[in-house]
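Contents: one structure, followed by commentary.
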Amino acid sequence: MFCFQPDTLNKSSTMTPYFFGYGSLVNRQTHSYPDAQPATLHGWRRAWVRTAVRDLVFLSVVEDESSTIDGLIAAVPGSDWHALDAREAGYARLSSGNAVRHALTSAPDIAHYAVPPTDTGVPGDHAILLSYLDVVVQGFALEFGTKGVERFFDTTLGWDTPVLNDRAAPLYPRAQTLTPDQTALVDSHLVRLSARMK
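In the numbering used here, the protein residues as written are 2 to 199.
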């Protein structure tokens, strides 16, 4: 069982800590963290969760022993987490323990972010921001191909959440320009899952 407390990494480690990203951090165009490479996280599943922080949902992870999700690991230079913690405001940073599988020859500390369960489940008309989802899917397409995008949608809970179409004027601060094929890939999966646009 993982404890939802921020900054749970082993501070005595001499190895450079890494993060495991499973959403927008999979898209390398949104950051410049070094030594980025594909990895998987075992025992967790992505989920869209509602909180009182904002009217948009967070893409988080919930514990699920039967689930494995794709993502990206990258080094945090100088173990300076301040900028990444600021980017991931609203999440708790957790030690991933030995749940991450990767190709590194070393065994660095790895952390991932999750919204604490006590902060979720808030009622309201929350929405998925389409410009954010576009960035996430673009990252998965570039790292894992179309099959990886399909796995992303199939290993994420909460597609009954409405999707706010802001493509004409993106609200997500790290919005990216998608190719026509990437845009079509997002749209086809939203149709497949009967997502409701607003």
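The beta carbon of each residue, even a glycine, is placed where N, CA and C say it ideally should be.
Using CA atoms only, rank isn't needed, just tell me which of the options is closest to residue i.
i: proline 18; options: Asp36, Gly24, Gln30 and Val27; result: Asp36
i: arginine 55; options: Gly44, Asp81, Ala100 and Gly125; result: Gly125
i: valine 138; options: Arg94, Ser107, Asp155 and Glu89; result: Asp155
i: leucine 134; options: Ser68, Ala48, Pro109 and Asp120; result: Ala48
i: leucine 158; options: Val50, Pro109, Tyr92 and Gln38; result: Val50
i: alanine 93; options: Leu60, Val123 and Phe153; result: Leu60
i: leucine 95; options: Ile111, Ala87, Thr106 and Asp81; result: Ile111
i: alanine 115; options: Ala90, Pro174 and Gln183; result: Ala90
i: tyrosine 173; options: Pro117, Thr31 and Gln38; result: Thr31
i: alanine 65; options: Gly122, Leu42 and Val123; result: Residue identity differs from the one stated: residue 65 is aspartate in this sequence, not alanine. The residue with the shortest Cα to Cα distance from aspartate 65 is Leu42.
i: glycine 44; options: Gln38, Thr69 and Asn28; result: Thr69
i: alanine 142; options: His113, His83, Pro181 and Thr52; result: Pro181
Considering residue i, what are the terminal residues of the beta strand (DSSP E) in which it resides?
i: proline 39; result: 38–50
i: glycine 72; result: 59–76
i: alanine 115; result: 111–115
Whose C-beta lies closer than 8 Å to the C-beta of residue i among residues of the same chain, with five residues either side of it excluded?
i: valine 77; result: Thr17, Pro18, Tyr19, Phe20, Tyr34 and Leu85
i: glycine 149; result: Asp71, Phe141 and Ala142
Note down, in chain order, each residue of its chain lying with its Cβ closer than 7 Å to the Cβ of residue i, except the 5 sequence neighbours on either side.
i: alanine 40; result: Phe21, Gly72, Leu73, Ile74, Val101, Arg102 and His103
i: serine 67; result: none
i: threonine 178; result: none
Since residue i contacts residue j with CB under 8 Å, what's their CB separation in whole angstroms?
i: threonine 162; j: valine 62; result: About 16 Å separates the two Cβ atoms, so there is no contact after all.
i: valine 136; j: alanine 176; result: 6 Å
i: serine 97; j: histidine 113; result: 5 Å
i: threonine 147; j: leucine 186; result: 7 Å
Give every residue of the same chain whose Cβ lies closer than 6 Å to the Cβ of residue i, excluding the five residues on either side of it in the sequence, and list them in chain order.
i: leucine 194; result: Trp160
i: valine 164; result: Ile129, Leu131, Ala196 and Met198
i: asparagine 166; result: Leu131 and Met198
i: phenylalanine 145; result: Asp71
i: valine 123; result: Arg51, Thr52 and Ala53
i: serine 25; result: Thr31, Val136 and Val137
i: asparagine 28; result: Val136, Gln139 and Gly140
Starting from residue i and walking both ways along the alpha helix (DSSP H), at which residues does that stretch end?
i: tyrosine 133; result: 131–155
i: tyrosine 94; result: This sequence places arginine at residue 94; tyrosine is not what is there. Premise fails: arginine 94 lies in the beta strand (DSSP E), 93–96, not in any alpha helix (DSSP H).
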